[in-house]
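For reference, the structure discussed in these notes is given below.
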Amino acid sequence: MDSIIIDSITKVFGSRKVVDDLSFTVKKGSIHGFLGPNGAGKTTTMKMIAGVIPPSSGNIYINGNNVQENLLKIKSTLGVLLESPPLYKDMEVREYLKFVCKLHSVEKDKMEPYLDYAIKKLDLTSVENRLIGNLSKGYKQRVGVAQAIVFQPEIVILDEPTVGLDPNSVIEMRELIKELAQDHTVLLSSHLLHEVGLICDEVTIIKDGVLQASGDMASISKKVKEKEAILAKVQSWQSSLESELKKIEGVQKIEVEEFQDFYKLKIQTNNSKDIRNQISSFLVYHQLGLIEFTQEELDLEKIFLEVTGGHE
Amino acid sequence: MISLIMKKDLSSFFKSPLAYVLAGFFSLITGWIFFNLLVTFVENTQQLPGQYRGQLDFVNHVVVKLFGNINFLLLFICPIVTMRTFSEEKKESTLDLYFTAPVKDYQLVLGKYFASVLMVFFLLTTTFIFPIILWSIKVSDFSFVFSGYIGLFLNSMCYVAVGVFASSLTQNQIVAALISFVVIMGLWMISWGVQISTNYFYVQFFKYMTVVNHFEMFVKGMVGLSDLVYYASFIFLGLFLTKKVIEARNW
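Chains as they are written, first to last, in our numbering: chain A, -17 to 294; chain B, 4 to 254.
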């Protein structure tokens, strides 16, 4: 079942189209990665999903309810952390989270258990009575996430939750998001593509407000896998060898680049079967001086560049 | 929800040094003014020949002037109290907290408005010492003091409405304070329009539009329905415009 359905939404600011006819769905209980270069319209889209700003056209459905028509009802099912955490520096952590609970009309008897849950989950116990303004950036970000989950929403929307965190905190945040997925549907935007690849089940990629790709990680990777190639560096090369190499079943295309003391071969295969052994044997047999041999693996970063078509 | 937002803003006001610095300055200046008015009144009385001494009007020379001066101080106090309401939250993007919660825009505006109103009321309560002093020196007529305070409270509610609106327009607190100062000042200056025209309609119009005129009615103890309508519509307009700005989410 789909938790969030984005149905061809467009957002226009003045004469600028920030989001253009965007549609995708987020499955219930999944971690959905939302990717795009800076300025692609991620934050705007997330704000529209969260009901902060209305779309210029199109509809967003959350659990089957139109966001604009059921604004208040939907907001109580959404935990949102936008770009910068909305923290009051003059409040203590627990006091602040309590205020958030009250804003979401959490019943009194549920309040304390909810607070304990969020504080424990985000590992904030040691700072729960400290002023937010005095916390480190990593802790502030955690409080930001805590305010998004403290009232136990069904769906959690996190906009760049790892931005500005040190590597250790990033790893902790990643673990945390994985844990969150046990109880919540998570929509997560990030420019840390590697990150999204590690934790997301599904991914949507946009550029300039236009959808580039959307689906589960496996199918998107598969699409791109066809573009994966075998890379080899050899010390000598003759163009006559190219046709011979193509005789190996599965080899589709060979690109040769000449460098000062070596040649770089990019061998495109059709991926029907693993032919690395045949190719390496070929290169060794012809005594070309094989110095490097690798299977090019497109990680999310390359997928991203592939679908957004650039090096933004 | 309104009271929740109001309490939150009040608590951060009282946590900040601004509250106490303002209260300190405000009571210092009003105290100095009150003292001077009393001294001047006593001096003036003593200069009169014996048989006229009891006839110098205490209300006009002390009470009316005192309230006029406090009202003038509000011109500075209200912009300072209200400058943070929305502009700081816009800057720190804390408004997202309300926008992503089931809070209606009007609840947010009213919560913040009432918080600022109570902050100014708190500052005004520091002047309650004056009626107590007057009572202790056996001043008998307190109706003017009473209606004067109502006038002050209503005036400050108008100024705060202007201040909250100004604060919703910008992320910069200083700019917000300046805008509200200029607007409130402008409302005072409308009253000068009364003097440049002899046209009955204009005179009445300018008189009705200026806050000062309605406030004077209160201080003089002449409270009419038209004054109350003026205050109510003024405040409503300010809050309505604020809500429109907040609704636009234009930053």
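Beta carbons: idealized from backbone N, C-alpha and C, even for Gly.
Taking 9 Å as the CB threshold, Gln50(A) stays off the interface with chain B. Legend: CB atoms of the stretch 77 to 107 of chain A lying less than 8 Å from CB atoms of chain B belong to residues Phe81, Val82, Lys84, Leu85, His86, Ser87. For Asn47(A), the beta-bridge partners assigned by DSSP are Ile44(A).
As summarised for the stretch 64 to 104 of chain B, there are no continuous beta strand (DSSP E) elements at least 3 residues long confined to that stretch. Residues of chain B whose Cβ lies closer than 8 Å to the Cβ of Ile35(A) are, in chain order, Arg252.
One thing to note: Val238(A) has its Cβ no nearer than 9 Å to the Cβ of Lys229(A). Taking a C-beta cut-off of 8 Å against chain A, the contacting residues of the stretch 105 to 136 of chain B are Pro105, Val106, Lys107, listed in chain order. Rounded to whole angstroms, Phe17(B) and Tyr23(B) show a C-alpha spacing of 8 Å. Ile44(A) and Ile131(A) do not touch by the CB rule: their CB atoms are close to 17 Å apart, not below 8 Å. Closest by C-alpha distance to Ser5(A), out of Thr26(A), Val192(A), Val75(A), is Val192(A). Selection Met212(B), Lys10(B), Phe79(B), Ile140(B) evaluated against Phe28(B) yields Phe79(B) as nearest (Cα-Cα). For the set Val42(B), Leu51(B), Met4(B), Gln50(B), the Cα lying nearest the Cα of Leu54(A) is the one of Met4(B). Leaving aside the five residues that flank Gly126(A) on each side, the residues in its chain whose CB is nearer than 6 Å to its CB run, in chain order, Leu63, Pro67. If you check each beta-carbon in the stretch 90 to 105 of chain B against every beta-carbon of chain A, the ones closer than 8 Å belong to Glu95, Ser96, Thr97, Leu98, Asp99, Leu100, Tyr101, Phe102, Thr103, Ala104, Pro105.
Between Tyr70(A) and chain B, the shortest Cβ-Cβ separation is below 9 Å. Ala163(A) is not bridged by DSSP to any residue. Restricting attention to Phe208(B), Tyr203(B), Phe70(B), Tyr233(B), the CA atom closest to the CA of His217(B) is found in Tyr233(B). DSSP places Glu219(B) in the uninterrupted alpha helix (DSSP H) bounded by 214 to 222. Leu17(A) is not a Cβ neighbour of Glu74(A), given a cutoff of 9 Å. Contact of Lys215(A) with chain B is not assigned, every C-beta pair being separated by 9 Å or more.
With fewer than three CB-CB distances shorter than 8 Å, the stretch 20 to 39 of chain A does not count as touching the stretch 264 to 276 of chain A. For Val62(A), the nearest CB of chain B lies under 9 Å from its own CB, placing it at the interface with that chain. Residue-level contact check: Leu162(A) does not touch chain B, since none of the beta carbons of chain B fall below 9 Å from its beta carbon. The beta carbons of Val123(B) and Ser146(B) sit no closer together than 9 Å. Within the stretch 223 to 244 of chain A, contact with chain B at the beta-carbon level (separation under 7 Å) is assigned to no residue. The count of Cβ pairs closer than 8 Å, one atom from the stretch 154 to 171 of chain B and one from the stretch 63 to 80 of chain B, reaches three, so the stretches are in contact. The Cβ-Cβ distance between Val65(B) and Gly151(B) does not fall below 9 Å. With its beta carbon less than 9 Å from one in chain A, Lys11(B) belongs to the interface. Put simply, the CB of Leu147(A) is far from chain B, with every gap to its CB atoms at 9 Å or more.
Secondary structure in the stretch 33 to 100 of chain A: the alpha helix (DSSP H) runs of 4 residues or longer, each lying completely within the stretch, are 53 to 57, 75 to 85 in chain order.
Arg87(B) has its alpha-carbon roughly 17 Å from the corresponding atom of Leu244(B).
Residues of chain B with a Cβ closer than 7 Å to the Cβ of Lys57(A) are, in chain order, Thr103, Ala104, Pro105.
The three-state secondary structure of Glu237(A), taken from DSSP, is strand.
For Met212(B), no Cβ of chain A is located within less than 9 Å of the residue's own Cβ.
DSSP, reduced to helix, strand and coil, places Asp108(B) within a helical segment of the structure shown.
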